[in-house]
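Before any comments, here is the structure.
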Amino acid sequence: MIRRRPLLAAPLLLAAPSVAAREVADATGRRVTVPGRITRVFPAGPPAAILLYTLAPDLLAGWPARPPRPHEAAFMDPTAAALPEVGRLTGRDNTANLEAVLAARPDLVLDYGSVAPVFVQLAERVQAQTGLPTLLLDGSLSKIPETYELLGVMLDRRPDAARRAAAASQIIAEARDAAALLAQRGRPRVFYARGPRGQETALRGSINAEIIEFAGAENVAVGPPGARGLAQVGVEQVLAWDPDYVMSLDPAFIAMARQDPLWRSLRAVRQGRLVQVPNTPFGWVDFPPAVNRLLGLVWLPILFGLAPADGLEDRVAEFHRLFYHRDPDRALLKGLLAPAMGRG
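When the letters of the sequence shown are read in order and numbered with mature numbering (1 follows the signal peptide of the UniProt record, and there is no 0), they come out as residues -21 to -1, 1 to 323.
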């Protein structure tokens, strides 16, 4: 059984805002001068938007991909959820041009995710072309507490950042305890199905499936040597992998897999371990792979039988109050959690 650590205390009052411009360092060590008072931040992509929303929703310029849909907004701060789409600067569907960035009148641009050289170069290019300070933060799971602390310095929101860093540290430490227990007991093997047909997956080593390995399970999707990211697979390949669990964020896939003869022939499906990953307001495994994945680290040890399920609702509600700025309606929360235990 996993022991839950006590919540860590942290200051509740905001630090007084600075007046003069300040120099800060991002996760890559780049030193950037930011305004003394920051009132508006342009998120380069969905992970940055979620990170910023969880700490300072009042600074969010808008949503990079699309505004939250009504069923998602029901779990969020109404003012932030109603912000417009501003386009994105990173990812496969980058839609924001530099004129659109300037039109949003931000004080800085924030990116969150990979800190590989290509994204460092992107940050430097955006900064050079817009004249706006552009900061890049590391999106890996283990770095989340450090990222909050760093963002708190950047935005002059240290006390609020410290509260979220402490909560994230607690969740990550418990997940590591759970992973150690699974290593002794036997690691469950997981296939993560993406899309309505389940024909896309995240390969082992991908940020989209990082949470599976971090929680102590084994991602069965292994590509060629050095392969990372997303890949197309067929159900025949999944049958050969023979996972213990099949997980998906997509309810359309869950419904299809319960009816399709090939998917139904999987041992995991036959034994009731076809699992709907909670996905509202943001996914618990990825979609996007940001700080929303902390909830997945709370949930997976319960799914794998290492902790009782009866405390999950309260823990999720506690997370929502701190990170999503809204006490969730308990009926909506029960509906979100009901499919998540693989009992159907």
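Positions of the beta carbon are idealized from the N, C-alpha and C atoms, including for glycine.
{"query": "The stretch 302 to 315 / the stretch 190 to 202 touching (three or more Cβ pairs under 8 Å)", "result": "no"}
{"query": "Which of helix, strand or coil DSSP assigns to Leu(-14)", "result": "Confidence at Leu(-14) is low in this model, with a pLDDT of 36, below 50, so the placement of that residue should be treated as unreliable; the coordinate-derived value is given next. Of the three classes helix, strand and coil, the one that applies to Leu(-14) here is coil, per DSSP."}
{"query": "Which of helix, strand or coil DSSP assigns to Phe193", "result": "helix"}
{"query": "Nearest candidate by alpha-carbon position, reference Arg48, set Leu62, Pro268, Arg173", "result": "Leu62"}
{"query": "Residue environment, Gly208, which counts as buried when at least 16 other CB atoms sit within 10 Å", "result": "exposed"}
{"query": "Nearest-angstrom Cα separation, counted from Arg1 out to Ala(-6)", "result": "Here Ala(-6) scores only 43 on pLDDT, less than 50, and its place in the model should not be relied on; the value that follows carries that caveat. Straight-line Cα distance between these residues: approximately 14 Å."}
{"query": "Sequence-distant residues of its chain with Cβ nearer than 6 Å to Met(-21) (five each side left out)", "result": "Annotation note: pLDDT 49 at Met(-21) (below 50); position unreliable, coordinate value reported separately. Counting only Cβ-Cβ distances below 6 Å, and skipping sequence neighbours, we find nothing."}
{"query": "Chain-order list of residues whose beta-carbon lies under 6 Å from that of Arg294 (same chain, five-residue window excluded)", "result": "Val277"}
{"query": "Proximal residues to Ala(-2) (C-beta, below 8 Å), its chain only, five neighbours per side dropped", "result": "Gly15"}
{"query": "Between the CA atoms of Asn271 and Arg(-19) - distance to the nearest angstrom", "result": "Unreliable positioning characterises Arg(-19) in this predicted model, as indicated by a pLDDT of 47, which lies under 50. The coordinate reading is nonetheless provided below. Looking at the two C-alpha atoms, the distance is approximately 22 Å."}
{"query": "The stretch 81 to 90 in contact with the stretch 16 to 25 per 3-pair CB rule at 8 Å", "result": "yes"}
{"query": "Nearest-angstrom beta carbon gap, Gly177 and Ala236 [assumed within contact, 8 Å]", "result": "6 Å"}
{"query": "The stretch 213 to 231 touching the stretch 164 to 175, judged by at least three CB pairs closer than 8 Å", "result": "yes"}
{"query": "Any 3 or more C-beta pairs closer than 8 Å across the stretch 34 to 53 and the stretch 252 to 262", "result": "yes"}
{"query": "Asp56 versus Ser244: straight-line alpha-carbon distance, rounded", "result": "43 Å"}
{"query": "Same chain, Cβ closer than 7 Å to Ala107, five either side skipped, listed in chain order", "result": "none"}
{"query": "Ser(-4), DSSP secondary structure in three states", "result": "With a pLDDT of 43 at Ser(-4), under the threshold of 50, the predicted position of this residue should be treated as unreliable, and no value is reported."}
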